[in-house]
Amino acid sequence: MPPFPSGEISLAPCAPAHPLAAPALAREGSADQAVAHAAAADITRQFIRAKQPCADGYRWYLRRQEGASNYQALLDDLVRERRVEDACWMLDQFGPTNDVLEVDHLEADALVFAGSVRCRGHADVEGVLRTGRSLSVLGGLRVGGALRVGEDLRVAGAVRCEGSARLQGDVRAGWSLTVAQRLQCTGSLRVGGELDCGAAVQIGGHCRVAQDLRVADDLGCEGGLKVGGHLQADAAVQAARGVWAMGDVDCKGHLQVGWGVRAGGHIHAGGAIRAGESLWAGETIAAGDAYGVYAGLDVPLPDWPHSAQVCAREQPARLLSGCWTGGTGSTP
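Under the working numbering, the residue at position 157 of the sequence shown is numbered 139, and the numbers go up by one with no gaps.
Below, the structure written as structure tokens:
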């Protein structure tokens, strides 16, 4: 079922952005308070000039003939006049706010909002979509340009981004996640369907994908990788913890894992295979030509029989580290 059934996306009247209540704001740290209050204040010409904007952008601001401007209104004006890069620059300079924008459905050419955005239906943005804080969508999300989220991203349906995605928190997608360019997620990532990325992927926490995971470049994960289907990378794969795939593990570069690797199918790499603990495959384990297979790199030699096992249908060629157990080893 497509994420955006025909006729379901419409631009509903927007609820006005509103700050969090004072008690909630008081619970924030002093640094967050300072940023939020400064950003929410009117922005003067002197304030803009102190940030050293580009000459063209500053001339545009002077032509507005306003002594002071509301922060979000200024962002809206920049986007409306197709100066999205300038709006993103301003958000970089002045930071996020605690404002919340709530809509039933979202359809726009571009959106730069300094606070959080909550959409009760589908969201379809033709160009850049950027939020200073979190983004929550109860339907599907399509972004025709770059996607930038300052905190957590929650989408109940599918996510499709035709540019790059930089997400500064945890990510939860109920269906598939497709990114045409680079994907960066500083937190953990959980996808209810497939994850397909046309460039490199870097994840700051754990990654869990219910179906296949495909990456057209390097895949890096600072936590563990758990894949319900096949894992395929067109370059190197690096995981600080373990890798578990119900299907095959294929990478055209080096495969380097801090803990163990378990695959229901084969484990194949175009370069070396290095695991801190055990390697377990339902089929074969194979490194690239002239490269070796290494297990137990972080395990003392006396512990190899139970913590540095290499188990597969047949012994890998050039097994240079680890304890070969045939097809009877215990699962790492």
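Don't be surprised by glycine CBs; every beta carbon is placed ideally from N, CA and C. Just so we're clear, the structure is a prediction, and the values are computed from it rather than from any experiment.
Excluding sequence positions up to five away, which residues of its chain have a Cβ less than 7 Å from the Cβ of Asp91?
Position 109 of the sequence shown, counted from the first residue, corresponds to residue 91. Within the same chain, Asp91 has close Cβ partners Glu108, Gly109.
Buried or exposed: which applies to Leu93, given that a residue is buried once 16 or more other Cβ atoms fall within 10 Å of its Cβ?
Position 111 of the sequence shown holds residue 93. Answer is buried; the Cβ neighbour count reaches 16.
Report all residues from its chain with a CB closer than 6 Å to the CB of Gly308; omit the five preceding and five following residues, and keep chain order.
On the sequence shown, residue 308 is found 326 positions in, with the first residue counted as 1. Cβ neighbours of Gly308 beyond the five flanking positions: none.
Quick check: the stretch 63 to 79 against the stretch 99 to 107, are there 3 or more CB pairs under 8 Å?
Judged by Cβ distances under 8 Å, the stretch 63 to 79 makes no contact with the stretch 99 to 107, as fewer than three pairs qualify.
Compute the Euclidean distance between the alpha carbons of Leu7 and Gly246, then round it to the nearest angstrom.
Taking the first residue of the sequence shown as 1, we reach residue 7 at position 25. Taking the first residue of the sequence shown as 1, we reach residue 246 at position 264. Confidence at Leu7 is low in this model, with a pLDDT of 32, below 50, so its placement is unreliable and no value can be given for it.
Give the DSSP-derived three-state secondary structure of Trp241 in the structure shown.
Within the sequence shown, residue 241 is the residue found at index 259, counting from 1. DSSP places Trp241 in coil when its eight states are reduced to three.
Three-state secondary structure (DSSP) at Trp157?
In the sequence shown, counting from the first residue as 1, residue 157 sits at position 175. The answer is coil: DSSP assigns Trp157 none of H, G, I, E or B.
Mapping DSSP to helix, strand and coil, what is Ser289?
Indexing the sequence shown from 1 puts residue 289 at position 307. Three-state result, Ser289: helix.
How is the beta strand (DSSP E) around Arg196 delimited, first residue to last?
Taking the first residue of the sequence shown as position 1, residue 196 is located at position 214. Arg196 -> beta strand (DSSP E) spans 195 to 197.
With a 10 Å radius around its C-beta and 16 neighbouring C-beta atoms as the bar for buried, classify Ala13 as buried or exposed.
The residue you call residue 13 lines up with position 31 of the sequence shown. Caution is warranted here: a pLDDT of 38 is assigned to Ala13, below 50, making its placement in the model unreliable, and the coordinate value is therefore given only provisionally. Exposed, because fewer than 16 other Cβ atoms sit within 10 Å of the Cβ of Ala13.
Look at the alpha carbon of Gln15 and the alpha carbon of Cys233, and state the distance between them as a whole number of angstroms.
Start at 1 with the first residue of the sequence shown, and residue 15 comes out as number 33. Start at 1 with the first residue of the sequence shown, and residue 233 comes out as number 251. Reliability of the predicted coordinates at Gln15 is poor, the pLDDT of 43 falling under 50, and the value obtained from them is presented with this limitation in mind. If you take the alpha carbons of Gln15 and Cys233, they lie about 45 Å apart.
Suppose contacts are defined by Cβ-Cβ distances below 8 Å. Is Val137 in contact with Gly114 by that definition?
Position 155 of the sequence shown, counting from 1, holds the residue named residue 137. Position 132 of the sequence shown, counting from 1, holds the residue named residue 114. Going by C-beta atoms, Val137 is not nearer than 8 Å to Gly114.
In whole angstroms, what separates the C-alpha of Pro(-15) from that of Leu159?
Position 3 of the sequence shown, counted from the first residue, corresponds to residue -15. Position 177 of the sequence shown, counted from the first residue, corresponds to residue 159. Note that Pro(-15) scores a pLDDT of 33, beneath 50, so its modelled location is shaky and nothing firm can be said.
Between Val225 and the rest of its own chain, which residues show a CB-CB distance below 6 Å, the 5 nearest in sequence each way excluded?
Residue 225 sits at position 243 when you count from the first residue of the sequence shown. If we look at Val225 and ignore the five residues flanking it on each side, its Cβ neighbours are Leu207, Val239, Val243.
Under a three-way DSSP split, which group does Arg115 fall into?
To locate residue 115, count along the sequence shown from 1; it is residue 133. Coil, per DSSP.
Can you pull the DSSP bridge partners for Phe95?
Within the sequence shown, numbered from 1, the residue matching residue 95 stands at position 113. DSSP, once it has assigned bridges, lists Thr113 as partnering Phe95.
Can you check whether the CB of Cys143 is closer than 8 Å to the CB of Val153?
The residue labelled residue 153 in the question sits at position 171 within the sequence shown. The residue labelled residue 143 in the question sits at position 161 within the sequence shown. No, these two residues do not count as a Cβ contact at 8 Å.
Measuring only the C-alpha atoms, how far is Asp216 from Leu56?
Counting from one through the sequence shown, the residue named residue 216 turns up at place 234. Counting from one through the sequence shown, the residue named residue 56 turns up at place 74. Rounded to the nearest angstrom, the two C-alpha atoms are 43 Å apart.
Could you name the residues of the same chain whose beta carbon sits closer than 6 Å to that of Gln220, not counting the 5 residues immediately before and after it, in chain order?
Residue mapping note: residue 220 aligns to position 238 of the sequence shown, counting from 1. The answer, listed in chain order, is Gly202, Gln238.
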